[in-house]
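Visitor: Below: one structure in structure tokens.
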Amino acid sequence: MEIIIYGIINSVSLALMAVGFTLVYGVSRLPNFAHGAIYILTGYLTWLLMNRLGLNYLFSAIVALGLTGLIGAAMYQLVLIRVRGMPISEIIASYAIGLAILEGLRWGGLKGGTFRLPPFIEGSVNIFGVSVDFQRLFVVVLGATIMGALWLFVNNTKIGLALKGMAQDERAAMTLGIDSDRMAVVATAIGCMLAGVAAIVLLPLGSIVVESGYQVLIMAVAVCIVGGLGSWTGAIMAAFIIGFAQILTVVYFGAHFQVVVALLAIVVTLISRPSGLFGRQKELEERV
Amino acid sequence: MSSEPLLSVQNISKKFGGVLALSGVSLDIFRGDIVGIIGPNGSGKTTLVNAITGFITADSGKVYYQGNDITNWEPHKIAAQGLTRTFQVMRPYFSLPAYKNLIVPLFSPRARRTGGWRGGGKMGSRDTVAVDILEEIGFERDSYVPFKVASSLPTGYLKRLELARCLALRPEVIICDEVFSGLSMSEMATMVPLMEKLQMEGITLIMVEHRLRELFRLAGRVVVLNFGCKIAEGTSDEVMEYPEVKEAYFGSEEVFDYV
Amino acid sequence: MSGPKGDRRKERLDRGIKVRSDGVYAISSWQEITYLIAPRLLLILGLALAPLLLSAFPYWQRVVSIICVYALLAMGFDFLANYVGLVSLGGGFYVGVGAYATALLNTKFGLPPFVTIPLATMLGAMICTVLFLPCLPLRGVYFAIVSLMYPLLAARIIEALDIFGGTDGVLGVDGFANMWVDQYLLVLSVLVLVFVLRRLVEEDIGLVFRGVKDNDQAVKASGININHYKALGVFIASALGCLGGACLTHMYMWAGLSQFALDFSIIPIAATVVGGGGTLIGPVIGCLILVPISEILRDFGSLRIAVYSIILTGFIVFKSEGIMIYAARKYEQFERWVEI
């Protein structure tokens, strides 16, 4: 029972971490390797606003999210737009930005366990004999809500539909009058904000440390690769596969192997099925 | 000549997603033939070429070459047997001079064994062999064309360069994927004799074409594909009599203009 | 299309001396010979004399060795990325494998450094190549992501299984007889290998490598197994990395998890971008610039990683050709504005 409940929680956390990454990749074919850095940055900004400016929790979280969105847009507009279409430069540039943010934060004093966000609601509850704290429940609820909201946004709003169109065929979308650069900015901003949301929900479970920035990046990449880059359903399924696999390894082998699972999942998936479990990339590639 | 076909394609099928790109196509090709494969756009011509040469894996069916089952071999192994192909979209190594483009095929195990088309059995310097091959297929050595960077060459020369890459392997069969398309009339006029010369040297040619007039001059036998099925086979006059062929090409100006 | 830049463009013409010295037979004057060999001599003498000139500053002598280790890695990255078309973001993996191989050979079998270094280079390169074999069919982004994961995976596995000394690493590796040995070993390897690699990519086999990068379909259609050549490319690049790792281990008398670290993956990439990819000399020059900067910033801890990430981003965005190509253009051509 414990395995199932914690498996679900872990899987939803992974899905939350990955959803921003897969959105950005899906829309603009841009692997945003600064994803983990943005995650930590949002957490740190929230902490700063709360503890230095004394704002209230909810308000500072919202302001931090707004700032993150702006940073994402700026990152795209100033740097990444110039390397669009060169996949390797995109990876290197976004990875370098992420490194700069993370290592800059580390130098700026973000180390040790002193930086913590308080949980939204204290306490815990008993579900089928397993004690789960409210924050973890909240993660699951919010995760489901965000997925739902995103689905509604993509299928029902004008911007969402434009994003969906771009994800399917960028050139065709351009001929229909969609400004692909502006949409990519929007997508990057939303992707970064999603990373931020994940941070604000998940970080109260631990403390804000630079290392978890790399961890989040690895997890996001793992989920997206296993699910097939740019595929939404794939990403969610992959989050559950990896999530449960991780909990099982922790129970039966030890916590050391948790990251190994994700890394092995990437390597094994790429070697055996480069398009991921649900990706359609390869099939299309073959046709050319 | 033996009655055993050099290349035999049997019942080959390939599906892309839900689209049946090839369904049960069979084809026999004998040594020294020039066979044309025609059909409207999207009829599966290039898919057939890709399936024969191993660039895609067929879902079912067999390909026999010189009596061996080569179905779904890796492309480089098939090429090493002397079954070579050109590409419809030419992508030479643009930054290199034309003759340096031939170094890659001349470096292959097959070319090292055979010496390449004009290598005379024993490989001299690869550069020399490369320039010889290019001169043979119409790159004028005196005018410095073989030494020009590939990105500065016009389409006609790039098509020849594709052909030269096959020739460098001293091939038994060349599958030409639309060598005539995109050429000017004068370029075409020199390409047809080149093909005839290759045939006289004993190279079997399979030509996938849109330009029917030139093809019908060359090809002894023509195969017509439509929606992944073989709808007709025979001499050029014979196939044009098939009602299916007329229907497939109905409204297509090409047929009425050129035939 | 208005404004001062709209109606004119930059025209670039080869300098007379460049044209004259292009053909070997045309060289007739000392001026032309100097023009040809001066930049090459500058690099060779500069690197060869650096340990001597810096003998008053032992700390900076050590930096020369570190520059050389990074230069080996960066050359490997440049070769693999710009001539074979495989972008390997995990340079740390090669260093780590080389380091552990030499450390184990030395401590377990008691072999002296001059046996372990070549042995570890070959052995390590073979191990790397075999481990990378399954990923060779991958292209572009996918290969980059997998190669990024390899060093992380290796470090985690060593940590988790507690093999090879676990988090402590392998201790008690023999050092070099004295400082000059490792310095000149590294400087000479860099110089020789730059020369060898630059020759290699101009040879026929180099053209095959470039073919694999530009158009793998055509190479396949030419009857060549591209995976053989990709494996050979990985072997060459990882041999360079393993050599660096092996020397590093004997320098520090220790092999540990930090040799799989981020530094070894990111500095070579930055050096290649800064120095100019596709030249093979560029990465060496990039290392000559970046490694000292990173040493100066060592007191500031992780700030140095941030600094060269910013330098890297700046170069990728604003000067993606890199220093070497820029300098070569200035050296060989003059520019002028012409009206259009």
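Chains as they are written, first to last, in the numbering used here: chain U, -2 to 285; chain Y, 548 to 806; chain C, 62 to 401. For every residue, glycine included, the Cβ atom is placed at its ideal position computed from N, Cα and C.
Put Ser555 of chain Y into one of helix, strand or coil per three-state DSSP.
Guide: For the purposes of this step, residue 555 of chain Y is taken as residue 8 along the second sequence, with counting starting at 1. DSSP places Ser555 of chain Y in strand when its eight states are reduced to three.
Visitor: Rounding to the nearest angstrom, what Cα-Cα distance links Ile6 of chain U and Ser269 of chain U in this structure?
Guide: For the purposes of this step, residue 6 of chain U is identified with residue 9 of the first sequence, where counting begins at 1. For the purposes of this step, residue 269 of chain U is identified with residue 272 of the first sequence, where counting begins at 1. Rounded to the nearest angstrom, the two C-alpha atoms are 28 Å apart.
Visitor: What is the DSSP secondary structure of Glu400 of chain C, counted as helix, strand or coil?
Guide: Residue mapping note: residue 400 of chain C aligns to position 339 of the third sequence, counting from 1. Three-state DSSP puts Glu400 of chain C in a strand.
Visitor: Compare the beta carbon distance of Pro28 of chain U and Val234 of chain C with 8 Å and say whether it is the shorter of the two.
Guide: Counting from 1 along the first sequence, the entry for residue 28 of chain U is found at position 31. Counting from 1 along the third sequence, the entry for residue 234 of chain C is found at position 173. Result no, Cβ atoms of Pro28 of chain U and Val234 of chain C do not sit closer than 8 Å.
Visitor: On the three-state DSSP scale, how would you describe Ala196 of chain U?
Guide: Against the first sequence, residue 196 of chain U aligns to sequence position 199. Helix at Ala196 of chain U.
Visitor: In chain order, what are the residue ranges of uninterrupted alpha helix (DSSP H) at least 4 long that sit wholly in the stretch 307 to 343 of chain C?
Guide: Taking only runs of at least 4 residues, the alpha helix (DSSP H) segments lying wholly in the stretch 307 to 343 of chain C are 323 to 336.
Visitor: Quick check on the burial criterion: 16 or more other C-beta atoms within 10 angstroms. Buried or exposed for Ser91 of chain U?
Guide: One-based indexing of the first sequence puts residue 91 of chain U at position 94. Classification of Ser91 of chain U: buried, given that the 10 Å Cβ count is 16 or more.
Visitor: At 3 residues or longer, what runs of the beta strand (DSSP E) sit wholly inside the stretch 37 to 92 of chain U?
Guide: Those beta strand (DSSP E) runs which fall completely within the stretch 37 to 92 of chain U and span 3+ residues do not exist here.
Visitor: Please check if any C-beta of chain Y sits within less than 8 Å of the C-beta of Arg271 of chain C.
Guide: As a working note, residue 271 of chain C is residue 210 in the third sequence. Yes, contact with chain Y.
Visitor: Which whole runs of the alpha helix (DSSP H) in the stretch 565 to 632 of chain Y are 4 residues long or more, in chain order?
Guide: Runs found: 592 to 599, 622 to 627.
Visitor: Identify the continuous alpha helix (DSSP H) that holds Ile285 of chain C and give its terminal residues.
Guide: If you number the third sequence from 1, residue 285 of chain C lands on position 224. It is not in any alpha helix (DSSP H) - Ile285 of chain C carries neither H nor E in the DSSP assignment.
Visitor: Does the beta carbon of Leu318 of chain C fall short of 7 Å from some heavy atom of the ligand PLP?
Guide: The model on display carries no ligand, and the ligand PLP is accordingly not part of it.
Visitor: Verify the CB distance criterion: does His623 of chain Y have a CB-CB separation below 8 Å to chain C?
Guide: Working through the second sequence from its first residue, we reach residue 623 of chain Y at position 76. Cβ-Cβ to chain C under 8 Å: yes for His623 of chain Y.
Visitor: Assuming Val368 of chain C and Ile128 of chain C are in contact, meaning their beta carbons sit under 8 Å apart, how far apart are those beta carbons, in whole angstroms?
Guide: Against the third sequence, residue 368 of chain C aligns to sequence position 307. Against the third sequence, residue 128 of chain C aligns to sequence position 67. Not a contact, Cβ separation roughly 17 Å.
Visitor: With DSSP collapsed to three states, give me the class of Met637 of chain Y.
Guide: Stepping through the second sequence from its first residue, residue 637 of chain Y is reached at position 90. Looking at Met637 of chain Y - three-state DSSP - the assignment turns out to be coil, as it is neither helix nor strand.
Visitor: Using only CA atoms, which one of Y:Ile650, Y:Ser570, Y:Lys777 lies nearest to Glu264 of chain C?
Guide: For the purposes of this step, residue 264 of chain C is identified with residue 203 of the third sequence, where counting begins at 1. Taking only the C-alpha atoms, the option nearest Glu264 of chain C is Y:Ile650.
Visitor: With a threshold of 8 Å on Cβ separation, who are the neighbours of Ser370 of chain C within its own chain once the five nearest residues in sequence on each side are excluded?
Guide: Reading the third sequence from its first residue, position 309 is the one you call residue 370 of chain C. If we look at Ser370 of chain C and ignore the five residues flanking it on each side, its Cβ neighbours are Ile327, Ala331.
Visitor: Counting only the same chain and skipping the five closest in sequence on each side, list residues whose C-beta sits under 6 Å from that of Leu280 of chain C.
Guide: Within the third sequence, residue 280 of chain C is the residue found at index 219, counting from 1. In the sequence under discussion, the amino acid at residue 280 of chain C is Val, which differs from the Leu named in the question. The residues are Gly272, Val273, Ile287.
Visitor: If you reduce the DSSP assignment to three classes, tell me which class Ile105 of chain C lands in.
Guide: Numbered from its first residue, the third sequence carries residue 105 of chain C at position 44. It is helical.
Visitor: Figure out for me which residue from U:Ile2, U:Gly33, U:Val21, U:Met(-2) has the closest Cα to the Cα of Leu160 of chain U.
Guide: The count along the first sequence starts at 1 and reaches residue 160 of chain U at position 163. That would be U:Val21, whose Cα lies nearest to the Cα of Leu160 of chain U.
Visitor: Taking Cβ-Cβ distances below 8 Å as the criterion, which residues of the stretch 273 to 295 of chain C are in contact with chain Y?
Guide: Those would be Asp275, Asn276, Gln278, Ala279, Val280, Lys281, Ala282, Ser283, Gly284, Ile285, Asn286, Ile287, in chain order.
Visitor: Between Val334 of chain C and Ser381 of chain C, what straight-line distance do the alpha-carbon atoms span, to the nearest angstrom?
Guide: Your numbering for residue 334 of chain C matches position 273 in the third sequence. Your numbering for residue 381 of chain C matches position 320 in the third sequence. Whole-angstrom Cα-Cα distance: 7 Å.
Visitor: When you compare only the Cα positions, how much space is there between Met47 of chain U and Leu200 of chain U?
Guide: As a position in the first sequence, residue 47 of chain U is number 50, starting the count at 1. As a position in the first sequence, residue 200 of chain U is number 203, starting the count at 1. So the two alpha carbons sit approximately 14 Å from each other.
Visitor: Anything in chain Y within Cβ reach of Leu194 of chain C, meaning under 7 Å, just list it in chain order.
Guide: Start at 1 with the first residue of the third sequence, and residue 194 of chain C comes out as number 133. Under the 7 Å cutoff, chain Y gives no residues; its nearest Cβ is about 15 Å from Leu194 of chain C.
Visitor: If we cut at 8 Å on Cβ distances, does Tyr392 of chain C have a partner in chain U?
Guide: Numbered from 1 along the third sequence, position 331 holds the residue referred to as residue 392 of chain C. Cβ-Cβ to chain U under 8 Å: no for Tyr392 of chain C.
Visitor: Taking 8 Å as the threshold (C-beta atoms), are Ser570 of chain Y and Ser555 of chain Y in contact?
Guide: Here residue 555 of chain Y is taken as the residue at index 8 of the second sequence, counted from 1. Here residue 570 of chain Y is taken as the residue at index 23 of the second sequence, counted from 1. Not closer than 8 Å, so no.
Visitor: For Gly240 of chain U and Leu11 of chain U, which I take to be in contact (beta-carbon distance under 8 Å), what is that distance rounded to the nearest angstrom?
Guide: For the purposes of this step, residue 240 of chain U is taken as the residue at position 243 of the first sequence. For the purposes of this step, residue 11 of chain U is taken as the residue at position 14 of the first sequence. At roughly 5 Å, the Cβ-Cβ gap stays under 8 Å, so Gly240 of chain U and Leu11 of chain U are in contact.
Visitor: How many angstroms separate the CA atom of Leu710 of chain Y from the CA atom of Ala645 of chain Y?
Guide: Here residue 710 of chain Y refers to the residue found at position 163 when the second sequence is read from its first residue. Here residue 645 of chain Y refers to the residue found at position 98 when the second sequence is read from its first residue. One C-alpha to the other measures close to 12 Å.
Visitor: Drop a sphere of 10 angstroms on the beta-carbon of Gln165 of chain U, count the other beta-carbons inside from all chains shown, and report buried for 16 or more, exposed for fewer.
Guide: Residue numbering aside, residue 165 of chain U sits at position 168 when the first sequence is read from its first letter. With fewer than 16 Cβ atoms within 10 Å of its Cβ, Gln165 of chain U is classed as exposed.
Visitor: Check the Cβ of Ile650 of chain Y against every Cβ in chain C and list those closer than 8 Å, keeping chain order.
Guide: Position 103 of the second sequence, counting from 1, holds the residue named residue 650 of chain Y. Chain C residues near Ile650 of chain Y: Asp265, Leu268, Val269.
Visitor: Hey, out of U:Leu202, U:Gln243, U:Val207, whose CA is closest to Val220 of chain U's CA?
Guide: Position 223 of the first sequence, counted from the start, is the residue given in the question as residue 220 of chain U. Selected option, being the one with the closest Cα: U:Gln243.
Visitor: When Cβ atoms are compared, which residues of the stretch 90 to 108 of chain U fall closer than 7 Å to chain C?
Guide: Taking 7 Å as the Cβ-Cβ cut-off against chain C, the residues of the stretch 90 to 108 of chain U that qualify are Ala90, Ala93, Ile94, Leu96, Ala97, Glu100, Gly101, Arg103, Trp104.
Visitor: Between Leu714 of chain Y and Ile680 of chain Y, is the Cβ-Cβ spacing less than 8 Å?
Guide: Against the second sequence, residue 714 of chain Y aligns to sequence position 167. Against the second sequence, residue 680 of chain Y aligns to sequence position 133. In this structure, Ile680 of chain Y lies closer than 8 Å to Leu714 of chain Y by Cβ.
Visitor: Restricting to Cα atoms, I'd like to know which of C:Gly157, C:Asp360, C:Ser149, C:Gly171 is closest to Leu309 of chain C.
Guide: Here residue 309 of chain C is taken as the residue at index 248 of the third sequence, counted from 1. Considering only alpha carbons, the answer is C:Gly157.
Visitor: Is the stretch 631 to 642 of chain Y in contact with the stretch 712 to 726 of chain Y, if contact means three or more CB pairs nearer than 8 Å?
Guide: Short answer: they touch.
Visitor: Taking Cβ to Cβ, would you say Gly383 of chain C is nearer than 8 Å to Gly343 of chain C?
Guide: Position 322 of the third sequence, counted from the first residue, corresponds to residue 383 of chain C. Position 282 of the third sequence, counted from the first residue, corresponds to residue 343 of chain C. The answer is yes: Cβ separation under 8 Å.
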